[in-house]
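In the working numbering, the protein residues as written are 29 to 300.
Scroll down for the structure; my scribbles are underneath it.
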Ligand code: KIV
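Here it is, written out as structure tokens:
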């Protein structure tokens, strides 16, 4: 059952800012393909993120770095065809925006034009400021991403909680305020202490969406395959599994194999 306070027919970036102002929490999940996106949208999830986590869960890479702009556009256009209500945010992949603001704008335009997405997300604070401004100036809504930013995994060296030390926490707070000031419509905060995330959420009027950032923020995001229990080897503390699809699907497939081998499938009713 939905706990939404107001029925929104279509979610826009403005809706999200209104939701925060009205104290309504925002739900966000990833999706990368038509069939899953149709279910996610039909279930009433407010925002679908076509995340570069597709690199992990769809393509089997160890990190998010290998996925390309073309591949992100392919995933995003499949998702876009499925949705009636959700806002679709697409990650700018590693290598498509870091070198200069013009390249960042070109990549964002390709995503918007070729997939039909509604907004882009990119990782980074101060270092990404000029690129974000350039994209925003073209009328493209931008969501920021601070804290654990997986595209910098080789700099961090580990997926552990970020901003536990005062210096990094202070930098993160300043980055969040800067992102609001230049015009981002929201920020994802990944894997940081709950107290810090709450402080950030209270210091800006744009929505803060957390993943491993506690419940003092304005909304939550999870990777779809993780929350459905399809990725059974990944169990960080922040992850709540709503299903155990890895086991359920394995059982179904084992049953299918047995039915085929035993000639139980197809039966008389399942043929012409
Ligand atoms: O790519 C992704 O799925 C993300 C979420 C973890 C926020 O960026």
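Backbone N, C-alpha and C fix where the C-beta goes; we use that ideal spot for every residue, glycine too.
Treat the numbers as computed from the prediction; the structure is a model and nothing was measured.
* **Backbone CA spacing between residue 280 and residue 290 [nearest angstrom]** => As a first step, residue 280 must be located in the chain shown, where it is residue number 252. As a first step, residue 290 must be located in the chain shown, where it is residue number 262. The alpha-carbon atoms of residue 280 and residue 290 are separated by roughly 15 angstroms.
* To do: Throw me the rounded Cβ distance for the residue 117 and residue 75 pair, which I believe falls under 8 angstroms.
  => Walking along the chain shown from the start, residue 117 turns up at place 89. Walking along the chain shown from the start, residue 75 turns up at place 47. Confirmed, about 6 angstroms.
* Asked: Which of helix, strand or coil does DSSP assign to residue 171?
  -> Within the chain shown, residue 171 is the residue found at index 143, counting from 1. Residue 171 falls in the strand class under three-state DSSP.
* **Start and end residues, alpha helix (DSSP H) containing residue 97** => Working through the chain shown from its first residue, we reach residue 97 at position 69. First-last of the alpha helix (DSSP H) with residue 97: 97-108.
* Please indicate yes or no: does the CB of residue 48 lie closer than 8 angstroms to some heavy atom of ligand 1? => For the purposes of this step, residue 48 is identified with residue 20 of the chain shown, where counting begins at 1. Checking every heavy atom of ligand 1 against the Cβ of residue 48, none is found closer than 8 angstroms.
* **Run of the alpha helix (DSSP H) containing residue 223, from where it starts to where it stops** => In the chain shown, the residue the question calls residue 223 occupies position 195. Its alpha helix (DSSP H) spans residues 222-231.
* Asked: Helix, strand or coil: which one does DSSP assign to residue 251?
  -> Your numbering for residue 251 matches position 223 in the chain shown. Three-state result, residue 251: coil.
* Asked: Nearest-angstrom Cα distance between residue 201 and residue 57?
  -> Here residue 201 refers to the residue found at position 173 when the chain shown is read from its first residue. Here residue 57 refers to the residue found at position 29 when the chain shown is read from its first residue. Roughly 24 angstroms between the two C-alpha positions.
* **As assigned by DSSP and simplified to three states, the class of residue 58** => Here the question's residue 58 lines up with position 30 in the chain shown. In this structure, residue 58 counts as strand in the three-state DSSP scheme.
* Whole-Å CB distance - residue 286 paired with residue 213, under 8 angstroms assumed -> As a first step, residue 286 must be located in the chain shown, where it is residue number 258. As a first step, residue 213 must be located in the chain shown, where it is residue number 185. About 51 angstroms separates the two Cβ atoms, so there is no contact after all.
* Asked: Between the region 171-184 and the region 137-146, are three or more C-beta pairs nearer than 8 angstroms?
  -> no
* Beta carbon of residue 222 nearer than 9 angstroms to that of residue 172 -> To locate residue 222, count along the chain shown from 1; it is residue 194. To locate residue 172, count along the chain shown from 1; it is residue 144. Not a contact, by the Cβ cut-off of 9 angstroms.
* Take every Cβ of the region 237-250, pair it with every Cβ of the region 44-55, and state whether three or more of those distances are shorter than 8 angstroms. => yes
* Which residues in the same chain have their Cβ closer than 6 angstroms to the Cβ of residue 66, if we skip the five residues on either side of it in sequence? -> The residue labelled residue 66 in the question sits at position 38 within the chain shown. Around residue 66: 110.
* Asked: Closer than 8 angstroms: is that where the CB of residue 210 sits relative to any heavy atom of ligand 1?
  -> Counted from its first residue, the chain shown places residue 210 at position 182. No; taking the cut-off as 8 angstroms, the Cβ of residue 210 has no heavy atom of ligand 1 nearer than that.
* Asked: For residue 119, which of helix, strand or coil comes out of DSSP?
  -> For the purposes of this step, residue 119 is taken as residue 91 along the chain shown, with counting starting at 1. DSSP places residue 119 in strand when its eight states are reduced to three.
* Asked: For residue 89, is the beta carbon positioned less than 8 angstroms from some heavy atom of ligand 1?
  -> In the chain shown, counting from the first residue as 1, residue 89 sits at position 61. Checking the Cβ of residue 89 against ligand 1 gives no.
* Asked: What do you reckon, are the CB atoms on residue 39 and residue 134 nearer than 9 angstroms?
  -> Mapped onto the chain shown, residue 39 falls at position 11. Mapped onto the chain shown, residue 134 falls at position 106. Contact: no.
* To do: Output the boundary residues of the beta strand (DSSP E) element that contains residue 76.
  => Looking up residue 76 in the chain shown gives position 48. Residues 75-78.
* Is residue 239 helix, strand or coil when you go by DSSP? -> As a working mapping, residue 239 is identified with position 211 in the chain shown. Strand at residue 239.
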